[in-house]
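Some notes on the structure that comes next.
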Amino acid sequence: MSSSSAIRDSAKQILRIIEKLPDERIKHLVSFKDSQAERFRRVAGLQSTNNSEKKASLEDIKDIITRTSGPLGLQKDLLKKVQLTLPHDELTEQSIQEQMKALTNISDSKFKKYYEVGDKLYKPAGNPIYYQRIMDEIEGKQKETFLTALRTVVFGK
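First residue of the sequence shown? That's 1 in the UniProt record's numbering, and the numbers climb one at a time after it.
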């Protein structure tokens, strides 16, 4: 098995692990799961899944920059800065195996189980519902009004 085919196969295994990861609870502009899936699809030689949007891919942008001396009227010093900031995936079998091991540890919650946190941290004696209030606010279950926030500041609960 050649090195490039081993890297492709490993990238496909990483994609299977990434697909098992849960969706993020808080929506961001860029999702870790989605960005890594796109990255390893390119490495594995698979098609992108977001065909609904017609955005320029990273490969298209790299092609535009390398094809011309000054695309879109960019100055040469700015062009060099852009080229330096573009990510370069130079993956070896060892690095991709390390990434696969790290993703497996994340998906299996290895360190959450190893470093178990007790109720003393989740529910401190001074304010046992502190973290629950934060999670409710993030998830939108219960909005804290100005008066309840003021009460929390004044009385500590």
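Built from N, CA and C at the ideal position, the CB exists for glycine as well.
Just so it is clear, the structure is predicted and the values come from calculations on it, not from any experiment.
Would you grab the beta carbon distance between residue i and residue j for me? Rounded to a whole angstrom, and I think it's under 8 Å.
{"i": "Ile14", "j": "Gln99", "result": "6 Å"}
{"i": "Lys33", "j": "Leu21", "result": "5 Å"}
{"i": "Gly156", "j": "Gly118", "result": "Between Gly118 and Gly156 the Cβ distance is about 22 Å, and since that is not below 8 Å, they are no contact."}
Measure the CB-CB distance between residue i and residue j and report whether it falls below 8 Å.
{"i": "Glu24", "j": "Ser31", "result": "yes"}
{"i": "Ile26", "j": "Thr104", "result": "no"}
{"i": "Ser5", "j": "Glu93", "result": "no"}
Please report the straight-line C-alpha distance between residue i and residue j, rounded to a whole angstrom.
{"i": "Ala149", "j": "Glu137", "result": "12 Å"}
{"i": "Ile106", "j": "Thr152", "result": "35 Å"}
{"i": "Lys112", "j": "Phe40", "result": "26 Å"}
{"i": "Leu147", "j": "Ser10", "result": "55 Å"}
{"i": "Lys123", "j": "Gly45", "result": "48 Å"}
{"i": "Glu116", "j": "Ser95", "result": "29 Å"}
{"i": "Lys101", "j": "Tyr114", "result": "16 Å"}
{"i": "Met135", "j": "Asp77", "result": "46 Å"}
{"i": "Arg133", "j": "Lys120", "result": "16 Å"}
{"i": "Thr145", "j": "Glu19", "result": "39 Å"}
Kindly list the residues whose CB is nearer than 7 Å to the CB of residue i, restricted to its own chain and excluding five residues on each side of it in sequence; keep chain order.
{"i": "Leu91", "result": "Ile7 and Val43"}
{"i": "Gln142", "result": "Asp136"}
Between residue i and the rest of its own chain, which residues show a CB-CB distance below 8 Å, the 5 nearest in sequence each way excluded?
{"i": "Glu59", "result": "Arg42"}
{"i": "Tyr131", "result": "Tyr122 and Lys123"}
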